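Per our numbering, the sequence shown runs over residues 21 to 153. All residues carry an ideal CB built from backbone N, CA and C; glycine is no exception. What you are looking at is a predicted structure, and each value in this text was computed from that prediction instead of being measured. First comes the structure, then the notes that go with it.
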Amino acid sequence: MRRTTYNNVRAAQALAPSTARTDGAVNGATIDRFVNDVYYRSVTFVINAGTVTDGTHTVAVEDSDNGSVWGAAAAADVQGTAPAVGTANDERAHEVGYVGPKRYVRITLTTAGATTGGLIDAVAILGVQPVKR
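Here's what the structure looks like:
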């Protein structure tokens with residue numbers, strides 16, 4: 021097997037696409053880092069922001085030992101900065117990583133100040149080996 025990205029990572033939907041998000045909070049999908057007898061050591065969330073017409077859409081990373089009780093991931097376990105998406109930084113992809121010890125991880129999206137909102141979804145990329153940037 022060749023050492024390619026395709027052979028060394030797994031993608032999973034982290035936040036489903038939906039119509040424009042308005043005020044409120046939504047939990048993303050639970051990402052289990054143990055898949056097919058492989059424990060993925062890192063997760064990169066790619067947050068896809070479409071057009072945001074108003075409001076601030078703030079992403080946070082949460083982790084869990086059991087997939088039921090969630091808490092904010094420790095700052096030392098988060099790579100990069102979870103974005104707060106608004107009209108100034110919409111229509112692009114944002115990345116935030118997780119390298120903590122807990123098996124389950126997810127993102128949350130909290131929207132404030134929006135009446136028409138914005139289009140935001142996310143994909144989780146589970147990696148076996150850390151990638152240097």
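Handout entry: Contact check, residue 65 vs residue 144, beta carbons under 7 Å
Key = Yes, Cβ-Cβ distance for residue 65 and residue 144 is below 7 Å.
Exercise for the section: Please state whether DSSP places residue 47 in a helix, a strand or coil. Expected result: Residue state, collapsed to three classes: strand.
Exercise for the section: From the DSSP output, read off the bridge partner residues of residue 87. Expected result: Residue 87 is not bridged by DSSP to any residue.
Problem - Segment contact flag, the region 129-147 with the region 69-85, C-beta cutoff 8 Å, min 3 pairs - result: Below 8 Å, enough C-beta pairs join the region 129-147 and the region 69-85 to call them touching: three or more.
Practice task
Give a yes or no on contact between the region 93-101 and the region 31-47, applying the rule of three or more CB pairs nearer than 8 Å.
Solution key: The region 93-101 vs the region 31-47: no contact.
Handout entry: Top-ranked residue by Cα proximity to residue 116, from 148, 67, 89
Key = Residue 116 has its Cα closest to that of 67, out of 148, 67, 89.
Exercise for the section: Can you give me the Cβ contacts of residue 92 inside the same chain, cut-off strictly under 7 Å, excluding the 5 residues immediately before and after it? Expected result: Only 80, 82 meet the Cβ criterion.
Practice task
For residue 62, write down the residues that DSSP places opposite it in a beta bridge.
Solution key: According to the DSSP secondary-structure assignment, residue 62 is paired through a beta bridge with 147.
Problem - Unbroken alpha helix (DSSP H) run spanning residue 25, endpoints - result: Per DSSP, residue 25 belongs to the alpha helix (DSSP H) from 25-28.
Exercise for the section: Within its chain, find whatever has a CB closer than 6 Å to the CB of residue 28; leave out the 5 residues flanking it on each side and keep chain order. Expected result: Same-chain partners within the cutoff: 148.
Problem - Residues bridged to residue 129 [DSSP beta-bridge criterion] - result: Beta-bridge pairing by DSSP links residue 129 to 46, 79.
Practice task
Just the C-alpha distance for residue 111 and residue 86, rounded to the nearest angstrom, thanks.
Solution key: So the alpha carbons of these two residues sit roughly 34 Å apart.
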